[in-house]
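According to our numbering, the first sequence is numbered sequentially starting from 455.
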Amino acid sequence: MKRLRRTFFNRSTLIVAEELLGKILVFKNHKGIITETEAYMGFDDPASHAARGKTKRTEIMFGPPGYSYVYLIYGLYHCLNVVTEKEGFPAAVLIRGLLVQDQKTGKDIHLDGPGKICRYLGITTQDHNKIDIVKNEDFYVGCVKKTLGFKTTSRIGIRVGQDKLWRFVGEF
DNA sequence: ACCCCGATCGTA
DNA sequence: ACGATCGGGGTT
C-alpha cells in the first residue's frame with residue numbers, strides 16, 4: 455500500500471488532523487480506517503502536553519513530523535498520536551476513532567476512543583513511542599483516494615482549551 | 001519526598 | 001456519577 459510521506463505530516467496540525475480522516479492506519483497485521491482525530495499544538499493550547507515547554511515525555515512533540523507519540527493516561531490506557539509540523543514546534547494529532555474488520559469474526563468494529571484503539575492493536579508507550587511511522591515496515595499510514603465528510607467539535611476529556619474546535623469526526 | 005491530576009473506559 | 005491506577009511534573 456502506498457504510504458503517507460513526511461511532507462504530509464509537515465503541515466498545519468489542523469490540516470493533518472482533517473486529512474487523516476479516511477486514511478488507513480496499518481499496524482502489524484491490522485488495518486483500520488481513521489474516523490476521528492484531535493489536534494494538539496503550540497504554546498497557546500493549554501490542553502497540549504507540550505504547551506508549557508519541553509519535558510522528557512513531550513520532547514517527541516518538538517521533534518520532526520511523522521513520529522509516534524504514545525503516552526499512558528490515567529495509569530491505565532495508552533493513546534496514539536502522530537507528530538506534526540516542523541521540528542521545534544510542538545504538535546501532534548491524537549487518533550481517536552478507527553474502523554477495523556475483526557480477523558476472527560469478520561465483523562466491523564468501531565474503536566471509538568483512543569484507549570480502545572491502543573488496547574485492540576496492542577500499542578504501548580514502552581514498545582511503540584517515538585517510532586518513525588514514515589519509515590517503519592509495519593507501522594504507518596496508508597494513502598486512500600476517498601476523503602470523508604466531517605464535522606468539528608471541541609475536544610473530548612479536557613478541562614481547558616474547550617473553545618478550540620479541534621476535534622474532527624468523519625462521516626462514513 | 002510528596003502531592004495532585006490527567007488528551008479514558010466500563011459500570012452503575 | 002464514579003472508581004481504577006500510575007507516571008509526569010511541579011513543589012518542598
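Built from N, CA and C at the ideal position, the CB exists for glycine as well.
What you are looking at is a predicted structure, and each value in this text was computed from that prediction instead of being measured.
Identify the continuous beta strand (DSSP E) that holds residue i and give its terminal residues.
{"i": "K462", "result": "Here the sequence assigns Phe to residue 462, which means Lys is not the residue at that position. Careful: F462 lies outside any beta strand (DSSP E), inside the alpha helix (DSSP H) at 460 to 463."}
{"i": "T579", "result": "Careful: T579 lies outside any beta strand (DSSP E), inside the alpha helix (DSSP H) at 579 to 582."}
{"i": "F543", "result": "Neither: F543 is in no beta strand (DSSP E) and is coded neither H nor E."}
{"i": "E490", "result": "484 to 495"}
{"i": "I478", "result": "478 to 481"}
{"i": "H532", "result": "531 to 537"}
{"i": "Y528", "result": "Careful: Y528 lies outside any beta strand (DSSP E) and carries neither H nor E."}
{"i": "G596", "result": "593 to 596"}
Have a look at the options and flag the residue whose alpha-carbon is nearest the alpha-carbon of residue i.
{"i": "Q616", "options": "E472, V536, A504, E492", "result": "E492"}
{"i": "F626", "options": "K561, T601, I612", "result": "T601"}
{"i": "N590", "options": "G476, I527, G520", "result": "G520"}
{"i": "A505", "options": "M455, A545, H582", "result": "A545"}
{"i": "I488", "options": "L619, F516, G496, N535", "result": "N535"}
{"i": "I577", "options": "F593, D566, V588", "result": "F593"}
Could you pull out every residue in the same chain whose Cβ sits closer than 8 Å to the Cβ of residue i, ignoring the five residues on either side in sequence?
{"i": "E473", "result": "F462, T601"}
{"i": "T606", "result": "L619, W620, R621, F622, V623"}
So residue i is in the alpha helix (DSSP H); what residue range does that whole segment cover?
{"i": "G569", "result": "568 to 575"}
{"i": "V470", "result": "467 to 474"}
Which residues in the same chain have their Cβ closer than 7 Å to the Cβ of residue i, if we skip the five residues on either side of it in sequence?
{"i": "N464", "result": "P519, E539, K540"}
{"i": "D586", "result": "G520, Y521"}
With DSSP as the reference, please indicate the residues paired to residue i in a beta bridge.
{"i": "G624", "result": "F604"}
{"i": "G551", "result": "E490, D566"}
{"i": "D586", "result": "Y521"}
{"i": "R457", "result": "G596"}
Using a Cβ-Cβ cutoff of less than 6 Å, which residues in the same chain neighbour residue i once the five nearest sequence positions on both sides are dropped?
{"i": "K485", "result": "I478"}
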